[in-house]
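Chemist: Just passing along the structure, written as structure tokens.
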Amino acid sequence: MALNTAALLRRRLLQDISELQSNPYPGIKLHIDDKDLKTACLVLSPAGELPLHLTVHFGDKYPLSAPAITIQSQVSHPNVFGDYICASILNTKEGYTPAYTLKAICIQLLSFFSDDAIEQVYGGVVARPKQGLKSNGHAGFRAGEDMYSCAICRFGFPNNELLGPMVDRSRPLPKHTSHGWERIKSASPAKLGSSIKSAFRSRVSSPKHVIDGSEATAVAPSDTGRKGMLIDLPNEMLILITEFLDEEDLFIAARAWNGFGRLLQTHNLLAVREMRCFTLKDGFKDTNLGVGVHVHKRIVSSEFDYLSEEAFKNLRVRRSVQGLEFEHWLPLPFSEAHWKRVRSSVDDALLGIGSRIESPSAVETLYTFMNDVVVQLSQTSADDRYGESAGRYNIYGSSVKSTLTHASEKAVESYFQLYHLLVTLATDRPQIVADANARIGRFLGGERDKTTCPNLGNLLVALLISDSSDSVELTKAIIKEAVTRNVVWMLDGRGAGMVELSYLEPSEVSEYRLHKTYEASKTSYNLLMFANLMRRTVSTSVALPPTPDMARAPASTSPPTSSLPAAEMPAVTVLVSPPSAPISATPDLPHAPVPHADAMELDPKPQRLTEIRTDLFSRHGAPPAGAAAQLAASIRSIRKVGNFPAFLKAMDVPVPSKAEFTGFLRRAVCESMDKGYSKWALKQDEALAFRVKLEPGVEIPDGIYPVTRARGHYTFFPGNGNGKGGKGGRGGRR
């Protein structure tokens, strides 16, 4: 049964106090009165200065709201007024988050009273005079000032003697589950849990005790009479042992024996310690864990700050660590045991999110969510347009503070967590895979319009779980449909407004069309590259390259003179391998030699979904070690792509000649009109008038002359308007 609100908040307060007790920080002392946990004495000792006495009042809503902290010591500080401390972490909603622990708040306050220069809200910097020490045998005395003394913690009394203890510097074992403890006890009768720290510390006290892998620390006698060795224990047992070690001791263990070092890397043990609720600080082994989800204008987004079901439902937490709003909670798999607890609530969560975007099913909502994460990845750190469209403003009126609007490791990790959820659902429900196969089969069979395939990004996500073999033909079909759908946004004023491209020049090669067509829809093509990169990366077994340098995909064999120039392509890390055999050419995107990527070595046999799920469960949904950083760098490189040759190479599609691709782009304009995606808003002579202004040397056939169009509204979007020609017609094309 879920704990009530007061009990949950009290438990978090006790955890924060325990953290300061078990892992004290230099210069920080906390005195707790066992009779009243709502009030505490805090003594801060900036280096080389007099100690300061502060009083901490924990309100009924801590940690949902900041503690009230006042200062009693007299101090010269530009942001201290009497006992009031003007610090954003204490006094503004924007500066505080329940993700802050009491220890983190104390550390920030210690820095606040230690900095020589204090930045002000208006942008200026004010110098802070230091509180010099005076040797008089009484801590807390200041020359020329009254001394503050506290009868509770004995601050200011001779030798600073305490009535009660300050923080207890004993170091209790970290919290663990009783089930895990029983497993350890049954495996080791020699009280392994209580002795493991001393064993590690004694082993690393001298270099001769460092183990090279052939030797292991003896931890307990076995039934056979010989000493039990760590190297004899299975990984599952070693992982349980690490739960009893804090981070410092875990690093000591890794230095003492490389078996622990391998365990840290292969099982992402440090990352697992961060997989806990940012409000209640419980991990997925102890609570149902997921993320808050925000829906605005049919866009699904999340900061992927882990949040427990208790915090969402009982405490009604509705803000991310950065202060951004969310309305929904989505559980994530993490582990087999956690999945068994949350699997029954996943559908309701996805359907609740889907009701805001008119999604027909839970899995379609997940497709959309994953695709929208890719959209976020396509944004640069200086581009807040996605944040505006998604309603991602924080509650205090300042600018967007999302941490996922650019290619970061956290953004990549968030995609892997959703991929883990998708794979787990698909493994449990074979019909999801069957539907994905049918969807891709229909697309390859020619059913590609917006009615049968409303979202190309969702189609790419469906490929992650499909049994259909990946092929250049499928990728080319997706590119062709994307270019065709982009036409209306390329031509109309609501998009790029390049009306001049509705004039269909007779030239075999049009440099202007090749350049401007890509420029008009660069964001769309970026999304395809990002989706393709993520799709291939998460679904393929990857071995990281031996060096950290980002490799350039080698150029294909020498193309004809009229081919698109490879020299214009920026260095882009290709994390995927193209097919080993060429694919037959099509009239739209003709065949050319396929570039081979050697940035990563790939397993030629894709893993089955069950194997992928097992692998993801072993990492608790996180990407392989080092993969997130490398993938984020690759995504940033993709943003530099500025032409079709580099785009096609990133998509692993043969690069055609300029003449062939120019013809394809012209046909895409006509096909957009035929499919009803757009309509002819200008006659060819009217479009020519716009074109010659921007490209004076454009080729003009006999019998056509530029005609300036009369002023008035016109649109290339189908439906009502002043465009010439109805839906699907050729209109003014001569």
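FYI, in the UniProt record's numbering the residues of the sequence shown are 1 to 734.
Every residue, glycine too, gets a C-beta built ideally from N, C-alpha and C.
1. With Val346 and Pro360 assumed to form a contact (beta carbons below 8 angstroms), what rounded beta-carbon distance in angstroms separates them?
2. Going by other Cβ atoms of all chains shown within 10 Å of its Cβ, with 16 needed for buried, is Lys38 buried or exposed?
3. Span of the beta strand (DSSP E) holding Lys29?
4. By Cβ distance, which residues of its chain are closer than 8 angstroms to Ser507, with the 5 residues on each side in sequence left out?
5. Less than 8 angstroms between the CB atoms is what I'm expecting for Ala66 and Ile89, so what's the real figure, rounded?
6. From Phe717 to Leu682, what distance separates their C-alpha atoms?
7. Quick one: grab the DSSP three-state call for Met651.
8. Give the DSSP bridge partners of Thr55, in chain order.
9. Quick test of your reading: Val295 and Leu307, contact by CB under 8 angstroms. State the CB separation rounded to the nearest angstrom.
10. Does the Cβ-Cβ distance between Leu533 and Ser634 come in under 8 angstroms?
11. Can you grab the Cα-Cα spacing for the pair Ala349 / His338, in whole Å?
12. For Val707, report the span of its beta strand (DSSP E) as first-last.
13. Touch check for the stretch 19 to 33 and the stretch 43 to 52: three-plus C-beta pairs under 8 angstroms?
14. In this structure, how does DSSP classify Tyr84 when only helix, strand and coil are distinguished?
15. Please classify Arg711 as buried or exposed, where buried requires at least 16 neighbouring CB atoms within 10 angstroms.
16. From the DSSP output, read off the bridge partner residues of Pro299.
17. Whose C-alpha, out of Ala659, Phe644, Lys658, is nearest the C-alpha of Asp652?
18. For the stretch 484 to 499 against the stretch 516 to 528, are there 3 or more C-beta pairs whose distance is under 8 angstroms?
19. Is it true that the CB of Ala627 sits closer than 8 angstroms to the CB of Val483?
20. Taking only runs that begin and end inside the stretch 251 to 324, name each unbroken alpha helix (DSSP H) of 4 or more residues, in chain order.
21. Would you report the Cα separation of Ala650 and Met529, rounded to the nearest angstrom?
22. Excluding five sequence neighbours on each side, which residues of the same chain lie with their C-beta closer than 7 angstroms to the C-beta of Glu325?
23. Can you tell me whether Ser345 is helix, strand or coil according to DSSP?
24. Can you tell me whether Thr517 is buried or exposed? The criterion is at least 16 other CB atoms within 10 Å of its CB, across all chains shown.
25. Within the same chain, show all residues whose beta-carbon is closer than 7 angstroms to that of Tyr367, passing over the 5 residues directly before and after it, in chain order.
26. Relative to the C-alpha of Phe647, which residue among Lys476, Phe690, Pro696, Tyr677 is closest?
27. Specify whether the stretch 269 to 284 and the stretch 7 to 21 touch according to this definition: at least 3 beta carbon pairs, one from each stretch, less than 8 angstroms apart.
28. In the structure shown, what three-state DSSP assignment does His328 receive?
29. Shortest alpha-carbon distance to Thr537 belongs to which of Phe416, Pro24, Arg619?
30. Tell me the rounded alpha-carbon separation between Met498 and Ala531.
31. Please go through the same chain and pick out, in chain order, the residues whose beta-carbon is closer than 7 angstroms to the beta-carbon of Leu456, but skip the five residues on each side of it.
32. May I have the straight-line CA-CA distance separating Thr97 from Lys679, to the nearest angstrom?
33. Go ahead and pull the three-state DSSP assignment for Ser18.
34. What does DSSP give as the partner residues of Ser111 in its beta bridges?
35. Taking DSSP as the reference, what is the three-state secondary structure of Ser466?
36. Terminal residues of the continuous alpha helix (DSSP H) containing Ser618?
Modeler: Here's the rundown:
1. Taking the sequence shown and counting its residues from 1, one reaches residue 346 at position 346. Taking the sequence shown and counting its residues from 1, one reaches residue 360 at position 360. With a Cβ gap of about 17 angstroms, Val346 and Pro360 do not count as contacting.
2. Numbered from its first residue, the sequence shown carries residue 38 at position 38. So Lys38 ends up on the exposed side.
3. Against the sequence shown, residue 29 aligns to sequence position 29. Note, Lys29: beta strand (DSSP E), 28 to 33.
4. Here residue 507 refers to the residue found at position 507 when the sequence shown is read from its first residue. Thr662, Val698, Glu699.
5. Numbered from its first residue, the sequence shown carries residue 66 at position 66. Numbered from its first residue, the sequence shown carries residue 89 at position 89. Correct: roughly 7 angstroms between the Cβ atoms.
6. Counting from 1 along the sequence shown, the entry for residue 717 is found at position 717. Counting from 1 along the sequence shown, the entry for residue 682 is found at position 682. Going from the Cα of Phe717 to the Cα of Leu682 covers about 12 angstroms.
7. By one-based count along the sequence shown, residue 651 stands at place 651. Coil at Met651, not helix or strand.
8. The residue you call residue 55 lines up with position 55 of the sequence shown. According to DSSP, which records beta bridges pairwise, Thr55 is partnered with Cys41, Thr70.
9. Taking the sequence shown and counting its residues from 1, the one referred to as residue 295 is at position 295. Taking the sequence shown and counting its residues from 1, the one referred to as residue 307 is at position 307. So it is not a contact: roughly 16 angstroms between Cβ atoms.
10. Reading the sequence shown from its first residue, position 533 is the one you call residue 533. Reading the sequence shown from its first residue, position 634 is the one you call residue 634. In contact: Leu533 and Ser634 (Cβ atoms closer than 8 angstroms).
11. As a working note, residue 349 is residue 349 in the sequence shown. As a working note, residue 338 is residue 338 in the sequence shown. When rounded, the distance between both Cα atoms is 16 angstroms.
12. As a first step, residue 707 must be located in the sequence shown, where it is residue number 707. First-last for Val707: undefined, no H or E at that position.
13. yes
14. One-based indexing of the sequence shown puts residue 84 at position 84. Three-state result, Tyr84: strand.
15. As a working note, residue 711 is residue 711 in the sequence shown. With fewer than 16 Cβ atoms within 10 Å of its Cβ, Arg711 is classed as exposed.
16. Stepping through the sequence shown from its first residue, residue 299 is reached at position 299. Residue 299 is actually Ile in this sequence, not Pro. Ile299 pairs with His296.
17. Indexing the sequence shown from 1 puts residue 652 at position 652. Measuring from the Cα of Asp652, the nearest candidate turns out to be Phe644.
18. yes
19. The residue given as residue 483 occupies position 483 in the sequence shown. The residue given as residue 627 occupies position 627 in the sequence shown. In this structure, Ala627 does not lie closer than 8 angstroms to Val483 by Cβ.
20. 258 to 266, 269 to 274, 309 to 313
21. Here residue 650 is taken as the residue at index 650 of the sequence shown, counted from 1. Here residue 529 is taken as the residue at index 529 of the sequence shown, counted from 1. Answer to the nearest angstrom: the Cα atoms are 6 angstroms apart.
22. Counting from 1 along the sequence shown, the entry for residue 325 is found at position 325. His294, Arg318, Arg319, Ile395, listed in sequence order.
23. Locating residue 345 in the sequence shown gives position 345, counting from the first residue. In the structure shown, Ser345 sits in a helix (DSSP, three-state: H, G or I).
24. Counting from 1 along the sequence shown, the entry for residue 517 is found at position 517. Buried.
25. Counting from one through the sequence shown, the residue named residue 367 turns up at place 367. Closer than 7 angstroms at Cβ, skipping near neighbours: Asn458, Val461, Ala462.
26. By 1-based counting over the sequence shown, the position of residue 647 is 647. Nearest C-alpha to Phe647: Lys476.
27. yes
28. Translated into positions along the sequence shown, residue 328 becomes position 328. Three-state DSSP puts His328 in a strand.
29. Residue mapping note: residue 537 aligns to position 537 of the sequence shown, counting from 1. It is Phe416 whose Cα lies nearest to the Cα of Thr537.
30. As a first step, residue 498 is located in the sequence shown; it is residue number 498 there, counting from the start. As a first step, residue 531 is located in the sequence shown; it is residue number 531 there, counting from the start. The alpha-carbon atoms of Met498 and Ala531 are separated by roughly 26 angstroms.
31. Here residue 456 refers to the residue found at position 456 when the sequence shown is read from its first residue. The answer, listed in chain order, is Ile478, Glu481, Ala482.
32. Here residue 97 corresponds to residue number 97 of the sequence shown, with the count starting at 1. Here residue 679 corresponds to residue number 679 of the sequence shown, with the count starting at 1. If you take the alpha carbons of Thr97 and Lys679, they lie about 51 angstroms apart.
33. Counting from one through the sequence shown, the residue named residue 18 turns up at place 18. Helix.
34. In the sequence shown, the residue the question calls residue 111 occupies position 111. Per DSSP, none; premise fails for Ser111.
35. As a working mapping, residue 466 is identified with position 466 in the sequence shown. Coil.
36. In the sequence shown, residue 618 corresponds to position 618, counting from 1. Looking at the DSSP string, the run of the alpha helix (DSSP H) that includes Ser618 is 609 to 618.
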